[in-house]
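K.L.:
Top line first, the protein sequences correspond to chains B and C. Using the numbering used here, you'd call the opening residue of the first sequence number 1 and step up by one each time. Using the numbering used here, you'd call the opening residue of the second sequence number 1 and step up by one each time. The C-beta atom is built at its ideal place from N, Cα and C for all residues, glycine as well.
2 protein chains.
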Amino acid sequence: MTKESTTGASRSIWTRPARSARGPVPEHSAAEIARAAIRLADSHGLSAVTMRAVAAAIGAAPASLYRYVNTRSDVLELMADQAAGEYTLDEPNTGEPVTGLLALAHQVLAVYRRHPWLLEIPPAAGLPGPNALAYMEHMLATLSGTDLSRHAKLELIGLFGGMIRAFAQMEADQQRAGQDAAQWQELVASYLIEVAAGGQHPHLAAVLAGPPEDDDALAQEPIFDRALTRILAALLPAQESGTPQDGRQPPAG
Amino acid sequence: MTKESTTGASRSIWTRPARSARGPVPEHSAAEIARAAIRLADSHGLSAVTMRAVAAAIGAAPASLYRYVNTRSDVLELMADQAAGEYTLDEPNTGEPVTGLLALAHQVLAVYRRHPWLLEIPPAAGLPGPNALAYMEHMLATLSGTDLSRHAKLELIGLFGGMIRAFAQMEADQQRAGQDAAQWQELVASYLIEVAAGGQHPHLAAVLAGPPEDDDALAQEPIFDRALTRILAALLPAQESGTPQDGRQPPAG
DNA sequence: TCATAACTGCGATCAATGTTCGCTATTACT
DNA sequence: AGTAATAGCGAACATTGATCGCAGTTATGA
């Protein structure tokens, strides 16, 4: 049921033809739209990002938005790439890949925390925007020392992003934004207790039973670090003391 | 802009009050709705899962759906849990956790391949349904041998699901369902080549350059296995030959 | 200089969709 | 028999993404 336009090509924002010299100079820009949309999503959730709302936020009529964007998904892509622009990618490749990747992971997680609506946008919906490309370039630079195959590097990028997203998703689930956090926690608790009382799910009951563990959710940052470090170490070929591993690049083309 | 109902509680399908004895016996059921919705999504994508379409599929009027469901999200939750019911969870705990988890991972990936629309549904949107609970119970049973803390086990469940989802997402991105796969591939290729020609992104250019590697996407299953095995091995505490690791459970309460 | 082309902003409007209201019919409890 | 509680649903509403065509604006070229 997706619209099949007759224009064939140039379906992405990043492949739009450059504006010709004629005609009035546009009063707005894609970047302005992205900023306004992000401001809306940050304060009122992604559902508040309506074409009408975005248009009003930049002081334009709804129909005018479509001079800058083909569809609402384009707005979401602009938002995602704008958010990807919040990374600081200046430091060069400092030898050990895991260190650099972990630092990058912290930035990604921070962005997810700052813009929780990113979790509602399907990942990699379209072509990578300029900031996403810079992110990829940075990761590839960090991985340039390893002898992973090209395919393996791209896969590692995908898995890396997916894992951080999974972490952020867990955090978001657990915190359940807003005022009703207490009510939600209570609802979940009562529901699970009832389930556990059903007799089935003994292991689940065992996990839920007992006093709440003292290591609160506040100490999650080290968990993130440890898990990610281990996973990266498992996926990257050892630089020295090379145990034979897969995913290597063949010595010659 | 989410609706704030005044009914306070029982907001999830799984916490709905049981139907009272009075009144006509319902002509349909939540399971029937889930089946019809899945059939629609399988053949025409998640966007085809309209309240009207689902209602028509079960031979009912649109308004009648709301006797079984509070909102459209409920339908999506029903679909997700129904899909989770496709797992085969019979085999007991056979000692080595990684083996059992890998087998389960294969089932999850298969379900993602069978129902690609699952990737469009936000993960863990609400309470876990009965099949999701069975899945959790199965994982906890598989992990019962390990000495992970309760918290660590739940986190592992979340990360496990997130990683498989990331894998499935990569596959789906790469295949771009449908007839326009060729066009899309071409568009992506031309776009990335243009980007690489820009001079920036040298590492990206290096990855894209050269002949396409001979290991086609068909040989991805072993990659999935290897990566996941390594990651699980990294996250699970070693059963024997115990290198000191974190996430253990303290010996005494 | 002026006609033409290409573009911008936008009012009006359409179609699709999620959801609600109230009515009628049906079933069980008292 | 009367009442309470439910099911099915026709009709309608509000929101939203998107389109069409017109008027105003700017550069290009004869």
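With DSSP collapsed to three states, give me the class of LEU46/B.
P.N.:
Within the first sequence, numbered from 1, the residue matching residue 46/B stands at position 46. Reduced to three states, the DSSP call for LEU46/B is helix.
K.L.:
Where do the N-terminal and C-terminal ends of the alpha helix (DSSP H) with GLY146/C fall, by residue?
P.N.:
Along the second sequence, read from residue 1 onward, the residue named residue 146/C stands at position 146. One point to set straight first is that residue 146/C is Thr, not Gly, in the sequence displayed. Element bounds for THR146/C: n/a, residue is neither H nor E.
K.L.:
So is TYR68/C in contact with chain B if we call contact Cβ pairs under 8 Å?
P.N.:
Residue mapping note: residue 68/C aligns to position 68 of the second sequence, counting from 1. No, its Cβ sits nowhere closer than 8 Å to a Cβ of chain B.
K.L.:
From what residue to what residue does the alpha helix (DSSP H) around ILE58/B run?
P.N.:
Walking along the first sequence from the start, residue 58/B turns up at place 58. Unbroken run through ILE58/B: none, as it is neither H nor E.
K.L.:
Mind pulling the alpha helix (DSSP H) runs of 4 or more residues that sit fully within the segment 85-173 of chain C?
P.N.:
Segments of the alpha helix (DSSP H) lying fully in the segment 85-173 of chain C: 97-114 and 130-142.
K.L.:
Does at least one heavy atom of the ligand FMN sit under 7 Å from the Cβ of HIS106/B?
P.N.:
No copy of the ligand FMN occurs in the structure displayed, which carries no ligand at all.
K.L.:
Using CA atoms only, rank isn't needed, just tell me which of LEU192/B, GLY85/B, PRO123/B and GLY95/B is closest to ILE164/B.
P.N.:
As a position in the first sequence, residue 164/B is number 164, starting the count at 1. When only C-alpha atoms are compared, the closest one is PRO123/B.
K.L.:
Please report the distance separating the alpha-carbon of THR108/B from that of ASP90/C.
P.N.:
As a working note, residue 108/B is residue 108 in the first sequence. As a working note, residue 90/C is residue 90 in the second sequence. According to the sequence shown, residue 108/B is Val rather than Thr. Near 39 Å, if we compare the C-alpha coordinates of ASP90/C and VAL108/B.
K.L.:
So which residues of chain B does ARG113/C contact, with C-beta pairs closer than 7 Å?
P.N.:
As a working note, residue 113/C is residue 113 in the second sequence. Simply none; closest approach about 16 Å.
K.L.:
Using C-beta distances below 7 Å, list every residue in its chain close to PHE167/B, excluding the 5 sequence neighbours before and after it, in chain order.
P.N.:
Counting from 1 along the first sequence, the entry for residue 167/B is found at position 167. Only LEU109 and PHE224 meet the Cβ criterion.
K.L.:
Measuring only between beta-carbons, confirm whether GLN169/B sits less than 8 Å from chain C.
P.N.:
On the first sequence, position 169 is the one that residue 169/B refers to. Yes, contact with chain C.
K.L.:
Using three-state DSSP, classify GLN200/C as helix, strand or coil.
P.N.:
Within the second sequence, residue 200/C is the residue found at index 200, counting from 1. DSSP places GLN200/C in coil when its eight states are reduced to three.
K.L.:
Give the single residue among ASP81/B, MET51/B and GLN82/B whose Cα lies nearest to the Cα of ARG67/B.
P.N.:
Counted from its first residue, the first sequence places residue 67/B at position 67. Checking every option, the nearest Cα to that of ARG67/B belongs to MET51/B.
K.L.:
Decide if ALA63/C is buried, meaning its Cβ has at least 16 other Cβ atoms within 10 Å, or exposed.
P.N.:
Along the second sequence, one-based indexing puts residue 63/C at 63. By the neighbour-count rule (16 or more Cβ atoms within 10 Å), ALA63/C is not buried but exposed.
K.L.:
Who are the near neighbours of SER73/B in its chain, counting only those whose CB is closer than 6 Å to its CB and skipping five residues on each side?
P.N.:
On the first sequence, residue 73/B is found 73 positions in, with the first residue counted as 1. For SER73/B, where only same-chain residues beyond five positions count, there are no Cβ hits under 6 Å.
K.L.:
Given a cut-off of 8 Å on the beta-carbon distance, is the pair ALA80/B and LEU65/B in contact?
P.N.:
Numbered from 1 along the first sequence, position 80 holds the residue referred to as residue 80/B. Numbered from 1 along the first sequence, position 65 holds the residue referred to as residue 65/B. No.
K.L.:
Compare the beta carbon distance of LEU133/C and VAL195/B with 8 Å and say whether it is the shorter of the two.
P.N.:
As a working mapping, residue 133/C is identified with position 133 in the second sequence. As a working mapping, residue 195/B is identified with position 195 in the first sequence. Contact flag set, yes.
K.L.:
Whole angstroms is fine: what's the gap from HIS201/C's alpha carbon to HIS44/C's?
P.N.:
The residue given as residue 201/C occupies position 201 in the second sequence. The residue given as residue 44/C occupies position 44 in the second sequence. Distance between the alpha carbons of HIS201/C and HIS44/C: 38 Å.
K.L.:
Please classify ASP180/B: does DSSP put it in a helix, a strand, or coil?
P.N.:
On the first sequence, residue 180/B is found 180 positions in, with the first residue counted as 1. In the structure shown, ASP180/B sits in coil (DSSP, three-state: anything other than H, G, I, E or B).
K.L.:
Using a Cβ-Cβ cut-off of 6 Å (strictly less than) and excluding sequence neighbours within five positions of GLN169/B, which residues of its own chain qualify?
P.N.:
The residue labelled residue 169/B in the question sits at position 169 within the first sequence. Cβ within range, chain order: LEU119.
K.L.:
Use the C-beta contact count for PRO128/C: other C-beta atoms within 10 angstroms, 16 or more gives buried, fewer gives exposed.
P.N.:
Here residue 128/C refers to the residue found at position 128 of the second sequence. Its Cβ being crowded by 16 or more others within 10 Å, PRO128/C is buried.
K.L.:
Which word fits THR2/C, buried or exposed, when buried means at least 16 other C-beta atoms lie within 10 angstroms of its C-beta?
P.N.:
Translated into the one-based positions of the second sequence, residue 2/C becomes position 2. Because THR2/C carries a pLDDT of 39, less than 50, the predicted location of this residue cannot be relied on, and no value is offered for it.
K.L.:
Taking any Cβ of chain C, which residues in the segment 123-142 of chain B have a Cβ under 7 Å from it, in chain order?
P.N.:
Under the 7 Å Cβ criterion, the segment 123-142 of chain B contributes PRO123, ALA124, LEU127, LEU133, MET136, GLU137, LEU140 and ALA141.
K.L.:
Applying a beta-carbon distance threshold of less than 9 Å, which residues of chain C neighbour GLU120/B?
P.N.:
Counting from 1 along the first sequence, the entry for residue 120/B is found at position 120. Near GLU120/B (Cβ distances below 9 Å), the residues of chain C are PRO122.
K.L.:
Shorter than 8 Å from the beta carbon of GLU155/C to some beta carbon of chain B?
P.N.:
In the second sequence, residue 155/C corresponds to position 155, counting from 1. For GLU155/C, the answer is yes, since a Cβ of chain B falls inside 8 Å of its Cβ.
K.L.:
For GLY334/C, which residues in chain B fall below 7 Å Cβ to Cβ?
P.N.:
Nothing about residue 334/C can be reported from this structure: the residues present for chain C run from 1 to 253 only.
K.L.:
Indicate whether at least one CB of chain C lies closer than 8 Å to the CB of LEU235/B.
P.N.:
Along the first sequence, read from residue 1 onward, the residue named residue 235/B stands at position 235. LEU235/B counts as touching chain C.
K.L.:
From SER29/B to ALA18/B, what does the alpha carbon distance come to, in whole angstroms?
P.N.:
Position 29 of the first sequence, counted from the start, is the residue given in the question as residue 29/B. Position 18 of the first sequence, counted from the start, is the residue given in the question as residue 18/B. So the alpha carbons of these two residues sit roughly 13 Å apart.
K.L.:
Given a cut-off of 8 Å, decide if ILE121/B and VAL69/B are closer than it, judged by their beta-carbon atoms.
P.N.:
Against the first sequence, residue 69/B aligns to sequence position 69. Against the first sequence, residue 121/B aligns to sequence position 121. Going by C-beta atoms, VAL69/B is not nearer than 8 Å to ILE121/B.
K.L.:
Would you say TYR191/B reaches chain C, if we count a Cβ-Cβ gap shorter than 8 Å as a contact?
P.N.:
What you label residue 191/B is simply residue 191 of the first sequence in a count that begins at 1. It does: the Cβ of TYR191/B has a partner Cβ on chain C nearer than 8 Å.
K.L.:
Please check if any C-beta of chain C sits within less than 8 Å of the C-beta of LEU204/B.
P.N.:
Position 204 of the first sequence, counted from the start, is the residue given in the question as residue 204/B. Taking Cβ atoms only, chain C reaches closer than 8 Å to LEU204/B, which makes this a yes.
K.L.:
To the nearest angstrom, report how far apart ARG35/B and THR99/C are at their CA atoms.
P.N.:
Here residue 35/B refers to the residue found at position 35 when the first sequence is read from its first residue. Here residue 99/C refers to the residue found at position 99 when the second sequence is read from its first residue. C-alpha separation (whole angstroms): 47 Å.
K.L.:
Can you pull the chain C neighbours of GLY162/B, defined as C-beta to C-beta under 8 Å?
P.N.:
The sequence position of residue 162/B within the first sequence is 162, counting from 1. Those are GLY162, MET163, ARG165, ALA166, PHE167, GLN169 and MET170, listed as they occur along chain C.
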